[in-house]
Every structure is written in structure tokens, then in C-alpha cells.
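*Asks:* In the numbering used here, the protein residues as written are 8 to 353.
Where a beta carbon is used, it is the ideal one built from N, C-alpha and C, also for glycine.
Just so we're clear, the structure is a prediction, and the values are computed from it rather than from any experiment.
What follows is a single structure, and I will ask about it in a moment.
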């Protein structure tokens with residue numbers, strides 16, 4: 008059996024000189040020789056956050072940064088300084104990936120904020136979240152889909168021909184969107200519930216754009232209540248989840264996905280430095296990989312899945328932006344070691 012090891016996306020650091028980012032790329036490529044990802048470093052500021060990064064990809068819409076956050080400014084043609092900064096930063100990061108990734112022959116995973124989380128974090132030109140306007144959220148999803156297509160083409164051009172691509176849509180706000188739990192600008196009320204058919208339709212649009220570029224669509228969410236069945240129905244073929252937030256129903260959906268030949272990446276490695284020296288997950292611990300391997304093996308046994316089943320993956324529970332540099336490297340090492348241990352069980 009082959010078990011993949013990867014990471015969610017974000018890495019620690021606030022260095023805007025570029026060298027900190029280059030070191031993150033070296034770490035990811037060095038520790039994840041088969042399933043690397045394009046690192047994100049949100050500590051560098053708004054242009055590098057999840058929302059800023061997605062706006063750097065979106066095509067046909069401009070945005071600027073307001074005290075309340077990112078706001079659309081209308082059509083394309085006159086991006087503000089903040090929007091130009093997001094695009095410039097992404098291009099610089101991809102330059103570093105292209106330079107340091109020469110000779111890489113594995114999978115490259117890109118991370119982009121999904122349409123619903125983007126709609127829940129970006130405002131319309133006159134204020135109020137895009138989420139509250141049916142037409143605006145449709146337009147944003149269309150712009151995201153077109154931008155993702157161009158982004159995939161750009162990364163494919165930069166990386167060796169042997170590298171295949173995965174696009175991970177980050178949707179931490181999706182459960183709140185479906186539950187009508189996203190607050191309005193005033194904070195005194197909530198946006199209306201988005202019903203599953205519409206939620207699925209916008210996701211399908213972005214997923215279709217990914218597939219059209221010969222890439223595979225995955226979704227990650229650390230939030231409890233993520234609608235895994237809805238994601239699979241929208242064409243998503245990879246689910247990245249935090250094991251500690253799964254419900255009994257989630258376990259069943261993940262088992263079905265694995266049995267259908269899809270990818271399930273279990274977030275089992277702590278995403279932040281473990282408390283206290285010498286703990287089971289501390290960098291100097293010799294038992295951390297064994298304990299985490301046993302946890303995944305028990306999960307497989309609980310679901311009645313054979314350890315030789317394909318499509319299984321291991322990762323940190325969430326992004327590593329809040330970890331120390333030492334732990335971010337150790338977390339990726341643990342993910343790889345646990346994946347290797349599980350493969351040997353087969």
C-alpha cells in the first residue's frame with residue numbers, strides 16, 4: 008500500500024524579504040518528496056492571508072484593503088496598491104518555487120480559498136459581505152474559477168513536466184454558511200442560510216475549472232460540521248480533515264470515499280508545538296510516530312477498512328502558521344514517517 012504524506016498549506020514566518028519564504032519552500036520540498044505543496048506564509052500580512060492569496064488569483068475583479076478587510080472595487084482594470092501587492096507577492100513566491108523545485112517529480116498541491124469562504128470574507132464595493140448577495144457571490148465564484156484555471160496553467164509551466172497538480176480549496180466557513188451563522192457587518196444578525204443545492208452548484212463550477220486543467224480537486228476544512236457528502240457530490244475527489252473534529256457520519260463518508268478510490272488525508276499530527284518538553288509529540292520524542300501510526304491504524308480498523316486500501320494520506324491537523332519553525336519541520340517529518348509506517352503495515 009502507498010500512503011501519501013502532505014501538509015495543509017500555511018507555514019510560520021513573517022519575513023517579507025523573501026528568504027523566509029524560500030526556506031519554507033526548501034522545507035516542504037525536502038520533507039515531502041512525493042506530495043509537496045506551495046507554501047503559504049500568512050504572517051507576512053494581509054497580502055499573504057488566505058483571502059488575500061485568493062484575490063491574487065481571481066480574474067476580472069479588483070479589490071482593495073479597508074479597515075474592515077478586503078473589499079471588491081468593481082471590474083478589472085484599475086487594481087489598488089494592496090491588490091497589486093497580493094499579485095506581486097504570489098508571483099515572487101512562484102518564482103521561488105520554480106527555482107527551488109527544479110528536478111521535483113512528485114505531486115504539487117496548490118491551495119486557494121473556496122468560493123463560499125471567499126464570499127464570507129470579502130465585501131462588495133459599497134460594503135456588506137458578498138455572501139449576502141446572490142448575484143455577487145455567483146460573479147465572485149466565476150472570477151475565482153477563471154483565475155484558478157490561469158493559476159494552474161502558470162504553476163504547470165513553472166514546474167517540471169513530471170509533476171502532477173492538485174488544487175486544494177480551503178472552505179473553513181462552509182459549515183457556518185450552510186447554518187446561517189455568518190454575522191452581518193453590524194454583528195447583530197446573521198446572513199441567511201445558503202441551501203445545499205446552491206452551495207454545491209458554486210463549488211461544482213470551481214471544481215470543473217480545476218478538472219478542465221487536468222488537475223485534481225480536493226477540499227480542506229478544519230471546521231466541525233463540514234458537509235463531506237456535499238463536497239463529494241460536487242466532484243471533489245480529495246478530502247483533508249482534522250480527525251479530532253469528525254462525527255460518526257463523517258467517518259462513514261470518508262470510508263465510502265476511500266472505497267471509491269478517492270483520497271482521504273487524515274490530519275493527525277499536531278499543528279502547533281506540543282505543550283511541555285518530552286511529551287509524546289515533542290520533537291525529541293521517539294514514540295510520537297508510533298503513537299500516531301497506531302491511531303490511524305485503529306481508525307481503519309474501526310471502519311473495517313483493510314490497511315492496504317489506497318488513497319489514504321496523513322498530514323498535520325491544520326495549517327502550520329502558528330507553529331515554531333522547528334515544529335513545522337518536525338510535523339512534516341512525522342507525517343511522512345507515519346505514512347511510511349502505515350504503508351509497511353500492508
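Quick test of your reading: residue 216 and residue 156, contact by CB under 8 angstroms. State the CB separation rounded to the nearest angstrom.
*Replies:* That pair is a contact at about 5 angstroms.
*Asks:* What's the gap between the Cα of residue 235 and the Cα of residue 263?
*Replies:* If you take the alpha carbons of residue 235 and residue 263, they lie about 11 angstroms apart.
*Asks:* Please report how far the alpha carbon of residue 230 lies from the alpha carbon of residue 246, in whole angstroms.
*Replies:* Rounded to whole angstroms, residue 230 to residue 246 spans 13 angstroms at the Cα level.
*Asks:* Need the endpoints of the alpha helix (DSSP H) that residue 21 sits in, please.
*Replies:* Taken as a continuous stretch (DSSP letters only), residue 21 belongs to no alpha helix (DSSP H), as it is neither H nor E.
*Asks:* Helix, strand or coil for residue 277? Go by DSSP, reduced to three states.
*Replies:* The answer is coil: DSSP assigns residue 277 none of H, G, I, E or B.
*Asks:* Determine the direct distance from the alpha carbon of residue 120 to that of residue 15, and round the result to whole angstroms.
*Replies:* Spanning the two alpha carbons is a distance of roughly 12 angstroms.
*Asks:* Mind checking residue 284: buried by the 16 CB within 10 Å criterion, or exposed?
*Replies:* Reliability fails at residue 284, whose pLDDT of 48 lies under 50, so the model's placement of it is uncertain and the value that follows must be treated cautiously. That one is exposed.
*Asks:* I want to know whether the region 188 to 195 touches the region 218 to 225 - three or more CB-CB distances under 8 angstroms.
*Replies:* The answer is no - the region 218 to 225 does not touch the region 188 to 195, with fewer than three Cβ pairs under 8 angstroms.
*Asks:* With a Cβ-Cβ cutoff of 8 angstroms, do residue 299 and residue 265 count as a contact?
*Replies:* Contact flag unset, no.
*Asks:* Rounded to whole angstroms, what's the CA-CA distance from residue 204 to residue 294? Just pull it up for me.
*Replies:* If you take the alpha carbons of residue 204 and residue 294, they lie about 46 angstroms apart.
*Asks:* Which residue marks the beginning of the alpha helix (DSSP H) containing residue 308, and which one marks its end?
*Replies:* Residues 295 to 309.
*Asks:* Between the region 56 to 75 and the region 122 to 138, are three or more C-beta pairs nearer than 8 angstroms?
*Replies:* Touching, yes.
*Asks:* From 43, 48, 38, pick the residue whose C-alpha is nearest to that of residue 26; which is it?
*Replies:* Among 43, 48, 38, the Cα nearest to that of residue 26 is on 48.
*Asks:* Can you name, in chain order, every residue of its own chain whose Cβ lies under 7 angstroms from the Cβ of residue 330, other than the five neighbours on each side?
*Replies:* Only 19, 278, 279, 280, 338 meet the Cβ criterion.
*Asks:* Determine which residues share a DSSP beta bridge with residue 117 and list them.
*Replies:* 174.
*Asks:* In angstroms, rounded to a whole number, what distance separates the CA positions of residue 117 and residue 40?
*Replies:* Between residue 117 and residue 40, the C-alpha separation is close to 15 angstroms.
*Asks:* So, helix, strand or coil for residue 345, using DSSP?
*Replies:* If DSSP states are grouped into helix, strand and coil, residue 345 belongs with the helices.
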